[in-house]
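*Asks:* Following my numbering, the numbering of the sequence shown begins with 13 at its first residue and continues without gaps.
Cβ coordinates follow ideal geometry from the N, Cα and C atoms, glycine included.
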Amino acid sequence: MSTDTPVPTIARPKGTTPEILTGSGAILRSLEMLGVKDVFGLPGGAIIPFYDELMSSTAIRHILVRHEQGAGHAAEGYAAASGGIGVAIATSGPGATNLVTAIADAYMDSVPMLAITGQVFSTLMGTDAFQEVDIVGMTMPITKHSFLVTRPEDVPATLAAAFHIATTGRPGPVLVDITKDAQQNSAPFVWPPKVDLPGYRPVTKAHGKQIQAAARLLADAKRPVFYIGGGVGRAKASAELLELAEKVGAPIVTTLMARGVFPDSNPLNLGMPGMHGTVPAVLSLQEADLLIAIGARFDDRVTGKPSEFAPDAKVVHVDIDPAGISKIRIADVPIVGDAKDVIADLSTAFTEATQGKDYDLSEWWVRLDALKKQYPLGYDEPDDGLLSPQYVIKRIGEITGPEAIYAAGVGQHQMWAAQFIKYERPNAWLNSGGAGTMGYGVPAAMGAKVAQPDRIVWAIDGDGCFQMTNQELATCTINNIPIKVAIINNSSLGMVRQWQSLFYDGRHSFTDLNTGHGTAMVPDFVKMADAYGALGIRVTKLDEVDAAIKLANETNDRPVVIDFIVSRDALVWPMVPQGVGNSMVQYARDHAPEWDDE
């Protein structure tokens, strides 16, 4: 993202004195100046002064969540769906610590988020006062920066700096902790016309020689692959990527965080790489002679055993965060810069590098097309008479279409949603990639729906994930946020159960949830939905699936929860076991079902 994000300025007549505001008033005025329209939060003692001020605002909508973790994930969903920044507010002590999981999640997935927390009086800090925790110290490792504000006059400059840090360079969360006396006391409100942070100078424009070196490698490659990560989406570089890819004609793989950044319908797209990636995507990386990695960090779920990943490939690594380059795989050509600018520059340099050259990737595509034909993505129908989870998720995507937003929890249903829904645009797929946070789905969908009210928003959740944050259905009902929730109910912690089936001789220790199989339904999700004011539907038969999805899409006066009772024996394929090389995709071929050629 660009470092020149403008900070709005206040027009104040010359010679007039600044307005005197309380610290709380300064927080509100600063958020308004920064263009914030929606915030998610839950009040408490240390943040009461700001909430008292916020009540009078006509510019900012506050959505009262039922748990601070929900506020954090909603802010993430809001940011990811809108391409802007999400704001979460909490009080001190447990209110602040309840935000920590969402803050860590945003940090791992480069989500721009502003967390504002109340703190005890500055005179009480260090005394173990009621609800005192050092939230600044706690969050330093999982934020781009954490600020402590103890004086009202410091509020405007700190919030402007926090906004700037969160949204520039590699985006991420920033926390601002404000003591109660700083909120109550008054000072002149001075809005900084320019944010100047010594030592914080993200590089956006890459060095021209590095771009030219990358273009030469690409022009000489016989088996190149574009390895595209979530950073391309954060940089809003989808259009530039499409232009470059079609000019080069090389295959594209899009990581879990990058689904939708490049259209699935484009024949250059081989799908998702990694542990549960498509066979063509995984093997294209293994057989490549050049990787153009853009906005990707060579995550272990993509690389498997790093020493055996893409063994014959040279690497061009593009990232706006210099700390990420060569951290896992040494880059032959390291490029520090904003993906949007770098891709555009690389496109121009590639045209120059291939002038007069016989550039031909047809032999490479013969191999890749053979892999696509031999190993199409598919699944087996369960033999226990229950629904196929893959079919359910596939139908949600087909019936709802690519203009919708799909937010997933974490586990098997997350992987199936990444595999079987076709994504054609950025910001359509939201999930917790780096942290793998169960409970992300419902509040993230809620935040996405607030950001994009005219789009259908589905939360594709598991019965385990849903029980971690389902209280936000109350928030959705009361605030007229009509999300759709598909519970892929296999009555178990499905991904853990899958590992137990494959690697622990089928010893399913403590993974049964008793939510949908047999006579027990604890809880009954349909009754729960009704209690929260949502429309609750249970689907157990194949011929009920489409009608339920269509009814959900047509219901916009309240949230909808569909309890899909699916087979617990369904597994996510392909699968490369953890800690081995990606050539072990053979494991998937030996153990996977006979895939349908769809």
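Quick check on the burial criterion: 16 or more other C-beta atoms within 10 angstroms. Buried or exposed for Gly-476?
*Replies:* Buried, by the Cβ-count rule.
*Asks:* Starting from the C-beta of Val-508, find all residues in its chain whose C-beta is less than 7 Å away, skip the five residues before and the five after it, and write them out in chain order.
*Replies:* Excluding sequence neighbours, Val-508 sits near Thr-523.
*Asks:* Roughly how far, in whole angstroms, is the beta-carbon of Val-148 from the beta-carbon of Ala-141, given that I think they are within contact range, below 8 Å?
*Replies:* Their Cβ separation, rounded to whole angstroms, is 15 Å, which puts Val-148 and Ala-141 out of contact at 8 Å.
*Asks:* Measure how close the beta-carbons of Ser-503 and Gly-474 come, nearest whole angstrom, since I'm counting them as under 8 Å.
*Replies:* So it is not a contact: roughly 10 Å between Cβ atoms.
*Asks:* Taking all protein chains shown into account, do 16 or more other C-beta atoms lie within 10 angstroms of the C-beta of Leu-209, making it buried, or fewer, making it exposed?
*Replies:* Classification for Leu-209: exposed.
*Asks:* Let me check you understand the geometry: is the CB of Gln-196 closer than 6 Å to at least one non-hydrogen atom of the ligand MN?
*Replies:* In terms of ligand content, the structure shown is empty, and the ligand MN therefore cannot be addressed.
*Asks:* In terms of residue numbering, what span does the alpha helix (DSSP H) encompassing Val-557 cover?
*Replies:* Taken as a continuous stretch (DSSP letters only), the alpha helix (DSSP H) holding Val-557 covers 557 to 566.
*Asks:* By how many angstroms is the C-alpha of Leu-253 removed from the C-alpha of Ala-270?
*Replies:* Answer to the nearest angstrom: the Cα atoms are 12 Å apart.
*Asks:* Given Met-458, which residues of its chain have a CB within under 7 Å of its CB, disregarding the five upstream and five downstream residues?
*Replies:* The residues are Ala-86, Gly-89, Glu-484, Thr-487, Cys-488, Ile-493, Ile-495.
*Asks:* Measure the alpha-carbon distance for Ala-38 versus Pro-61 and round it to whole angstroms.
*Replies:* Taking the straight line joining both Cα atoms gives about 11 Å.
*Asks:* If you follow the alpha helix (DSSP H) that Thr-481 is in, where does it begin and where does it stop?
*Replies:* Here the alpha helix (DSSP H) through Thr-481 covers 475 to 481.
*Asks:* Consult DSSP for Thr-527 and reduce its assignment to one of helix, strand or coil.
*Replies:* Three-state DSSP puts Thr-527 in coil, outside helix and strand.
*Asks:* Where Thr-179 and Leu-126 are concerned, what is the direct C-alpha to C-alpha distance, given to the nearest angstrom?
*Replies:* In a straight line, the C-alpha of Thr-179 is about 10 Å away from that of Leu-126.
*Asks:* Determine the DSSP secondary structure at Lys-388, reduced to helix, strand or coil.
*Replies:* One detail in the question is off: residue 388 reads as Pro in this sequence, not Lys. Of the three classes helix, strand and coil, the one that applies to Pro-388 here is coil, per DSSP.
*Asks:* Taking DSSP as the reference, what is the three-state secondary structure of Ala-247?
*Replies:* Reduced to three states, the DSSP call for Ala-247 is coil.
*Asks:* Would you verify that the beta carbon of Val-207 is, or is not, closer than 7 Å to some beta carbon of chain D?
*Replies:* Looking at the structure shown, chain D is missing, and only one protein chain is on hand.
*Asks:* Please report the distance separating the alpha-carbon of Met-67 from that of Asp-301.
*Replies:* Using only the alpha carbons, I get a separation of about 59 Å.
*Asks:* Determine the extent of the beta strand (DSSP E) in which Gln-298 is found, giving its start and end residues.
*Replies:* Element bounds for Gln-298: not the beta strand (DSSP E) but the alpha helix (DSSP H), 291 to 299.
*Asks:* Let's see if you can read the secondary structure: which residues bound the alpha helix (DSSP H) around His-85?
*Replies:* Its alpha helix (DSSP H) spans residues 80 to 94.
*Asks:* According to DSSP, simplified to helix, strand and coil, what is Gly-37?
*Replies:* Reduced to three states, the DSSP call for Gly-37 is helix.
*Asks:* Just confirm the distance between the C-beta atoms of Val-348 and Asp-331, as a whole number of angstroms; I'd bet it's less than 8 Å.
*Replies:* Between Asp-331 and Val-348 the Cβ distance is about 7 Å, and since that is below 8 Å, they are a contact.
*Asks:* Is Asp-609 helix, strand or coil when you go by DSSP?
*Replies:* With a pLDDT of 38 at Asp-609, under the threshold of 50, the predicted position of this residue should be treated as unreliable, though the coordinate-derived value follows. In this structure, Asp-609 counts as coil in the three-state DSSP scheme.
*Asks:* Identify the continuous alpha helix (DSSP H) that holds Ile-337 and give its terminal residues.
*Replies:* Here Ile-337 belongs to no alpha helix (DSSP H), and DSSP marks it neither H nor E.
*Asks:* Assuming contact is defined by CB atoms lying nearer than 7 Å, are Asp-344 and Lys-369 in contact in what I supplied?
*Replies:* No, they are not a contact pair.
*Asks:* Going by alpha carbons, who is nearest to Ala-420 out of Thr-135, Ala-456, Pro-438, Asp-350?
*Replies:* Among Thr-135, Ala-456, Pro-438, Asp-350, the Cα nearest to that of Ala-420 is on Ala-456.
*Asks:* Three-state secondary structure (DSSP) at Leu-583?
*Replies:* Of the three classes helix, strand and coil, the one that applies to Leu-583 here is coil, per DSSP.
*Asks:* Under a three-way DSSP split, which group does His-176 fall into?
*Replies:* It is helical.
*Asks:* Mark Thr-28 as exposed unless 16 or more other C-beta atoms lie within 10 angstroms of its C-beta, in which case mark it buried.
*Replies:* Result: exposed.
*Asks:* Look up Lys-496 in the DSSP assignment and give the residues it is bridged to.
*Replies:* BP columns for Lys-496 point to Trp-470, Val-572.
*Asks:* Looking only at its chain, what residues have a beta carbon closer than 8 Å to the beta carbon of Pro-318, apart from the 5 residues adjacent to it on each side?
*Replies:* Cβ within range, chain order: Phe-310, Asp-312, Ile-340, Arg-341.
*Asks:* Quick check on the burial criterion: 16 or more other C-beta atoms within 10 angstroms. Buried or exposed for Ala-532?
*Replies:* Classification for Ala-532: exposed.
*Asks:* Relative to the C-alpha of Lys-434, which residue among Ile-240, Asn-278, Gly-130, Gly-57 is closest?
*Replies:* Comparing Cα positions, the closest option is Asn-278.
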